[in-house]
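Participant: So the sequences go chain by chain: A and B.
For what it's worth, numbering that gives the first Met the number 0 labels the leading residue of the first sequence as 0, then goes sequentially.
For what it's worth, numbering that gives the first Met the number 0 labels the leading residue of the second sequence as 0, then goes sequentially.
Note that the Cβ used here is the ideal one computed from N, Cα and C, for glycine as well.
Note that the structure is predicted; figures quoted are calculated from it, not measured.
Once you've had a glance at the structure underneath, I'll fire off some questions.
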Amino acid sequence: MNLFEALRIAGNGLLANRLRSALTTLGILIGVTAVILLVAVGNGASVQINNQVQSLGANVIYVYPSNARSTGGVSQGFGTGETLTQADVDAINNRQQAPDVVAAIPIAQSGGQITYGNQNYFAPTTGTTPAFPTVRNYQLAEGSFFTDDDVNARHRVVVLGQTVVDNLFGSTDPIGQTIKISRQSFRVIGVFASKGGTGFGSQDNVVVAPITTVWAYLTGGRGKVISQIVASASSPSVVTQAETEITTILLQRHQIADATQADFQLQSQQDILNQANSIATALTLVLGAIAGISLVVGGIGIMNIMLVTVTERTREIGIRKAIGARRRDILIQFLIEAMVLSGLGGALGIAVGALLANEAPHIPAIASSNFPTPVVSAPSVVLAFCVSVAIGLFFGIYPANRAARLHPIEALRYE
Amino acid sequence: MITLEGVTKTYRMGKLAVPALQGIDLHVSQGEFVAIMGASGSGKSTLMNIIGCLDVPTSGRYLLDGTDVAKFNDDQLAAIRNRKIGFVFQNFNLIPRTSALHNVEMPLVYAGERGRGERAREALGSVGLADRVHHQPTELSGGQQQRAAIARALVTNPAILLADEPTGNLDSASSVDIMRLLANLNAEHGRTIVLITHEQDIARFARRTVELRDGRIVRDERSAA
């Protein structure tokens, strides 16, 4: 019996009970739609995280003070130390010692209430040096960034991110205006172009000032603390070399012989990217697995209907056997019928899932939230179709085998 | 063509052994038209199942067209049924929702043969249904359905045509009609036909009558008709 004939017979059988076939197909359709949609959401989240992390710059390396050890050798935990100094930054900026580093900047963080006129806003204030836009990959939309002179003279100037501007100024041009941070006055000299990131610590919610100014006016009595050093490698491919150079410089400067005892930690953008990716992959898998459960339920529906069909068509099976159908012929006929049911459900489910994934960003409630745009990937479509057909095969085997094993005499006698 | 030697068949019903055939010796030559008669319970259905290769004897030999099929497995029996036997049933047994043409093609599908449509049309033409090829069983009268079933039985050009009460569900006019068709197939085309019936009137169309009682042949006579 050839495939075409088997398909024709299966099609005939399915058309004979249109409503029943449609309802069974619906079970698989919903399952596949759920898989396609949820995996697309997972993929979308992955793409979103990747874009955000990439916008920070793929060649960026962070140096944190770490595990500061008291004289007793007790670890005080991540980020608690105050082991990084301006001299460390200068050493990393020495091209002889660190040829693969383009620039390194110190960062001093401070929080504080920001006011302009009667507007209030809260954003972290970052103290740094003029290489900040280069290292952190910021563009200026308006005005200019501060200079070495501003740093040396502790000028009270700030550059704002777009979110801060939107919240404080509305339609007013912020350049030249004076804002207050923790009751100290600062003059706005520049505005960063938006980086477009949302959630995950927005890149646009920033206030940047000379590090000396932050030390003098905002961090109070805590002294010249550098909370982190940010360095950028000359290209993403030399990040590893640059990390080695920075580690060597800092170990030498801090007079630490054993690298495991280091009082600082390095983290590259790649590390963050890898972490984010593994989280996103896990998310996609979990979502897919949940949706997969509904596929199994759909498969059980197919098995149920195929068992009913086999019973109903016992006589037909008897006739076919009497005129020469072998076990294999009957088996294939019912397997194909089950696979047509599930494959049809799979194909329609892919179509509905892709349509929903495509339309989701246009739904106002979703568009206005930070919900990731679903991304339907080709492998997930191919996989979903193959899985749906395989479900037909798997759940069709038992009913088809039951049909194939019927004895022709008893089947013919069946009323 | 058909040779049965000491064929017995015993059914087991729980611990009870029910003998259905108790030693049948029968020879049917090519071109014969044999009616097998007997009351219900005489074993004629069991004999038909064995001759039709739907079942195998408990003991004895069954040679069909020179092949001993007594020891064949299910799939081998299916292949034998497909190539050597054409079935005609009491209740027609056409496949529902399937046109006469596709019904008649069916044995050729399982035989994996080519030119099916043409051969099926030819077979339908030979039973006078050339203008009904696309009708479904429900759109045909009883007599027409049985003609389609005969066309299906003939399409593989089998060694024997096995008709099990072919007129049991037909009115008397259609019955005569069908029996004339069978008699004609035998007389003019030399078809070997084995007919199972309990009606004397129907058995008269055959040229040899075999009567069964309690699983044994009690009468075997040829008529001149």
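#1: Give a yes or no on whether the C-beta atoms belonging to residue 62 of chain B and residue 104 of chain B are separated by under 9 Å.
#2: I want to see whether chain B comes within less than 9 Å of residue 4 of chain A, judged by CB atoms only; does it?
#3: Name the one or two DSSP bridge partners that residue 159 of chain A has.
#4: For the ligand PLP, any of its heavy atoms closer than 8 Å to the Cβ of residue 182 of chain B?
#5: Could you check the C-alpha separation between residue 152 of chain B and residue 212 of chain B for me, to the nearest Å?
#6: Starting from residue 232 of chain A, follow the beta strand (DSSP E) in both directions and report where the run begins and ends.
#7: Check the C-beta distance from residue 62 of chain A over to residue 265 of chain A and give it rounded, since I have them as a contact under 8 Å.
#8: Note down, in chain order, every chain A residue with its Cβ under 7 Å from the Cβ of residue 53 of chain B.
#9: Could you give the distance in angstroms between the alpha-carbon of residue 129 of chain A and the alpha-carbon of residue 39 of chain A?
#10: Name, please, each residue of chain B whose Cβ falls closer than 9 Å to the Cβ of residue 311 of chain A.
#11: If you reduce the DSSP assignment to three classes, tell me which class residue 108 of chain A lands in.
#12: Answer with yes or no whether the minimum CB distance from residue 335 of chain A to chain B is below 9 Å.
#13: Identify whether residue 178 of chain B lies in helix, strand or coil by the three-state DSSP scheme.
#14: Going along the segment 74–86 of chain B in order, which residues come within less than 8 Å of chain A, judged by CB to CB distance?
#15: Counting only Cβ-Cβ distances shorter than 8 Å, please list the residues of the segment 106–123 of chain B near chain A, keeping chain order.
#16: Answer yes or no: do residue 90 of chain A and residue 248 of chain A have a C-beta to C-beta separation smaller than 9 Å?
#17: Can you tell me the Cα-Cα spacing of residue 209 of chain B and residue 92 of chain B, whole angstroms?
#18: Give the secondary structure of residue 262 of chain A by DSSP, where H, G and I count as helix, E and B as strand, and everything else as coil.
#19: Taking Cβ-Cβ distances below 9 Å as the criterion, which residues of the segment 128–155 of chain B are in contact with chain A?
#20: Would the beta-carbon of residue 54 of chain B fall within 9 Å of that of residue 8 of chain B?
#21: Counting only beta-carbon atoms, is residue 318 of chain A nearer than 9 Å to chain B?
#22: Give every residue of the same chain whose Cβ lies closer than 8 Å to the Cβ of residue 220 of chain B, excluding the five residues on either side of it in the sequence, and list them in chain order.
#23: If contacts are defined as beta-carbon pairs under 8 Å, then residue 104 of chain A and residue 245 of chain A qualify, I think. What distance do you get, rounded to the angstrom?
#24: With the cut-off set at 9 Å, would you say residue 257 of chain A and residue 65 of chain A are in Cβ contact?
#25: Just reading off the alpha helix (DSSP H) that residue 176 of chain A is part of, what are its end residues?
#26: Strictly below 8 Å CB to CB, what residues from chain B border residue 402 of chain A?
#27: Counting Cβ pairs closer than 8 Å, one from the segment 378–398 of chain A and one from the segment 342–353 of chain A, do we hit at least three?
#28: Pull up the distance between the alpha-carbon of residue 395 of chain A and that of residue 335 of chain A, whole angstroms please.
#29: In chain A, which residues lie with their C-beta within 7 Å of the C-beta of residue 96 of chain B?
#30: According to the Cβ coordinates, are residue 185 of chain A and residue 137 of chain A closer than 9 Å?
#31: By the 10 Å Cβ neighbour count, where 16 or more other Cβ atoms means buried, how is residue 199 of chain B classified, buried or exposed?
#32: Residue 48 of chain B CB to nearest chain A CB: under 9 Å?
#33: Please list the partners that residue 399 of chain A has in chain B, where partner means a Cβ-to-Cβ separation under 7 Å.
#34: If you measure from the beta carbon of residue 19 of chain A to each beta carbon in chain B, is any gap under 9 Å?
#35: Measure the C-alpha to C-alpha separation of residue 216 of chain B and residue 20 of chain B and round it to an integer number of angstroms.
#36: Can you check DSSP and say which residues form a bridge with residue 59 of chain A?
Facilitator: Well, looking at it:
#1: no
#2: yes
#3: A/190 and A/206
#4: Absent from the structure shown: the ligand PLP. Ligands present: none.
#5: 28 Å
#6: 227–232
#7: 6 Å
#8: 321, 407 and 408
#9: 41 Å
#10: In chain order: nothing, as chain B lies at least about 11 Å away.
#11: strand
#12: no
#13: helix
#14: 74, 77, 78, 80, 81, 82 and 86
#15: 106, 108, 109, 110 and 111
#16: yes
#17: 26 Å
#18: coil
#19: 151, 152 and 155
#20: yes
#21: yes
#22: 207 and 208
#23: About 13 Å; that fails the 8 Å criterion.
#24: no
#25: Premise fails: residue 176 of chain A is in no alpha helix (DSSP H) and is neither H nor E.
#26: The premise fails here: residue 402 of chain A is roughly 14 Å from chain B at the closest Cβ pair, so nothing lies under 8 Å.
#27: yes
#28: 8 Å
#29: 11 and 15
#30: no
#31: exposed
#32: yes
#33: Under the 7 Å cutoff, chain B gives no residues; its nearest Cβ is about 16 Å from residue 399 of chain A.
#34: no
#35: 9 Å
#36: A/231
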